[in-house]
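For the sequence shown, the residue numbers in this note's numbering are 2 to 252.
For glycine and all other residues, C-beta sits at the position ideal for the given N, C-alpha and C.
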Amino acid sequence: MAAVKFSAMPAGIAVRTSYARIGARRVALATNAFPSLLRRHRPYTVPVYDYALMTEPLTDEQLASVGWRNRQGFADSANQFHYVRLSADNRILWGGYDVVHHYRGRVRAEHDQRPATFVTLARHFFRTFPQLEGVRFGHAWGGAIDTCTRFSAFFDLSHDGRVAYAAGYTGLGVGATRFGAEVMLDLLEGARTERTALEMVRRKPTPFPPEPLRSVGIGITQWSLARADGHAGRRNLWLRTLDRLGLGFDS
Ligand SMILES: Cc1cc2nc3c(=O)[nH]c(=O)nc-3n(C[C@H](O)[C@H](O)[C@H](O)COP(=O)(O)OP(=O)(O)OC[C@H]3O[C@@H](n4cnc5c(N)ncnc54)[C@H](O)[C@@H]3O)c2cc1C
Numbered sequence: 002m003a004a005v006k007f008s009a010m011p012a013g014i015a016v017r018t019s020y021a022r023i024g025a026r027r028v029a030l031a032t033n034a035f036p037s038l039l040r041r042h043r044p045y046t047v048p049v050y051d052y053a054l055m056t057e058p059l060t061d062e063q064l065a066s067v068g069w070r071n072r073q074g075f076a077d078s079a080n081q082f083h084y085v086r087l088s089a090d091n092r093i094l095w096g097g098y099d100v101v102h103h104y105r106g107r108v109r110a111e112h113d114q115r116p117a118t119f120v121t122l123a124r125h126f127f128r129t130f131p132q133l134e135g136v137r138f139g140h141a142w143g144g145a146i147d148t149c150t151r152f153s154a155f156f157d158l159s160h161d162g163r164v165a166y167a168a169g170y171t172g173l174g175v176g177a178t179r180f181g182a183e184v185m186l187d188l189l190e191g192a193r194t195e196r197t198a199l200e201m202v203r204r205k206p207t208p209f210p211p212e213p214l215r216s217v218g219i220g221i222t223q224w225s226l227a228r229a230d231g232h233a234g235r236r237n238l239w240l241r242t243l244d245r246l247g248l249g250f251d252s
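1. I'd like the list of long-range same chain contacts for F209, defined as Cβ closer than 6 angstroms, with 5 residues on each side in sequence excluded.
2. Run the CB neighbour count on A127, radius 10 Å, all protein chains shown included, and call it buried at 16 or more, exposed below.
3. Could you check if Y20 is buried or exposed, using at least 16 other CB atoms within 10 Å of its CB as the buried criterion?
4. Is the stretch 199-206 touching the stretch 153-163, taking contact as three or more C-beta pairs under 8 angstroms?
5. According to DSSP, simplified to helix, strand and coil, what is W95?
6. When every heavy atom of ligand 1 is checked, does at least one fall within less than 7 angstroms of the C-beta of A25?
7. Let me confirm a value: A76 is counted as buried when at least 16 other C-beta atoms fall within 10 Å, else exposed. Which label applies?
8. Less than 7 angstroms separating the Cβ of G106 from some heavy atom of ligand 1?
9. Does the distance from the C-beta atom of V28 to that of R17 stay below 8 angstroms?
10. Please confirm if the stretch 219-234 is in contact with the stretch 165-184, defined as three or more CB-CB distances below 8 angstroms between the two stretches.
11. Indicate the three-state DSSP secondary structure (helix, strand or coil) for T56 in the structure shown.
12. Going by DSSP in three states, T207 sits in which element: helix, strand or coil?
13. Residues in its own chain within less than 8 angstroms of Y170 by CB, not counting five upstream and five downstream?
14. If contact is defined by three or more beta carbon pairs under 8 angstroms, each pair taking one atom from either stretch, is the stretch 67-87 in contact with the stretch 108-120?
15. State buried or exposed for I23, treating a residue as buried only when at least 16 other CB atoms are found within 10 Å of its CB.
16. Along the chain, where does the beta strand (DSSP E) that runs through R17 open and close?
17. Where do the ends of the beta strand (DSSP E) carrying S8 lie?
18. Going by CA-CA distance only, name the one from L246, H232, R245 that's closest to A79.
19. What separation, rounded to the nearest whole angstrom, lies between the Cα atoms of N237 and A168?
20. Which residue wins for smallest C-alpha separation from F7, given the options H160, H125, V108, A141?
21. On a CA-only basis, which of Q81, R151, T194, L188 is nearest D244? Give me that one, please.
22. Can you list, in chain order, the residues of its chain whose CB lies under 6 angstroms from that of Y50, leaving out five sequence neighbours each side?
23. For the stretch 207-251, which segments carrying the alpha helix (DSSP H) assignment without a break, of at least 4 residues, lie completely within its bounds, in sequence order?
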């Protein structure tokens, strides 16, 4: 049931959905990479697509050949990094590397599949685990993540404190959304807590510029990050400038 609009009522908020109009005393908005119902928040996030592969369950021999004894999750430390997990039924989840932005930040179901990225991920997988040659991938998928310029969640209130908002997890929301929900509840209660005193709660990130500048900036940044990965991590002038401005991973 998509919510499409808010308006203030004397005792709360009216939310218009595709089916009905609902009244609520308070509203917590957690729409991730989807367009925010608060238009003024839209420049703070850009949806970019991230992709993952999942192998079929490994046999005991295959698992032993990797030497993965304690089931740790891990990632590599490149700018374009891979993240890796072992599932309960011994499949390897292998994701990351490519980050795909579509002009004007379009979120569409057809973007969830990207064969070119799956081929790249598979190539990197077999380079990392040559002993698993012949293993097949049972699943391949992707989705949009809500990137913001400081790569960590931000928060706000609107409608006289009756609507709270949390977004900008930048692909790291599985654990952090619980914290984000608690911050929103504090904000909606008007409570002053350890959480609401944090600078990351009080300050919002720098918004993205409008298109076409946005796409150009993202394109230059992605090119620069890939170049840094190919040159022992050396950051070019563009990335050093973003670092100085507090934009990106070093913010
Ligand atoms: C391929 C991939 C791999 C990832 N890997 C990791 C990882 O390893 N670790 C990690 O921490 N995070 C990872 N993430 C990111 C993580 O999934 C998200 O940060 C997290 O799910 C965000 O949770 P959320 O509750 O904010 O948003 P979501 O789980 O996206 O929920 C938002 C909900 O809001 C609904 N919605 C949006 N707009 C409206 C509207 N107008 N009306 C009604 N409903 C609406 C949507 O339908 C959706 O159900 C990954 C993401 C992707 C795509």
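So, from the data block:
1. Contacts found: P44, V47, R215.
2. The residue you asked about is not Ala; residue 127 is Phe in the sequence shown. Its Cβ having fewer than 16 others within 10 Å, F127 is exposed.
3. That one is exposed.
4. The answer is yes - the stretch 153-163 touches the stretch 199-206, with three or more Cβ pairs under 8 angstroms.
5. Under the three-state reduction of DSSP output, W95 falls in the strand class.
6. Because no heavy atom of ligand 1 lies under 7 angstroms away, the Cβ of A25 does not count as near it: no.
7. So A76 counts as exposed.
8. For G106, the distance from the CB to the nearest heavy atom of ligand 1 is not below 7 angstroms.
9. No. Outside cutoff.
10. Two segments are said to touch when three or more pairs of C-beta atoms, one from each, lie closer than 8 angstroms; by this definition the stretch 219-234 does not touch the stretch 165-184.
11. Assignment of T56 by DSSP, reduced to helix, strand and coil, places it in the strand class.
12. Three-state result, T207: coil.
13. N33, I146, D147, S153, A154, A177, T178, G181, listed in sequence order.
14. Short answer: they don't touch.
15. I23 comes out exposed.
16. 13-18 is the span of the beta strand (DSSP E), which, as asked, contains R17.
17. First-last of the beta strand (DSSP E) with S8: 4-10.
18. The option with the nearest alpha carbon to A79 is H232.
19. Their Cα atoms are separated by approximately 29 angstroms.
20. Ranking the options by Cα distance to F7, first place goes to H160.
21. When each option's Cα is compared against that of D244, the closest is R151.
22. Counting only Cβ-Cβ distances below 6 angstroms, and skipping sequence neighbours, we find V101, H112, G143, A145.
23. For the stretch 207-251, whole alpha helix (DSSP H) runs of length 4 or above, ordered along the chain, are 214-231, 238-246.
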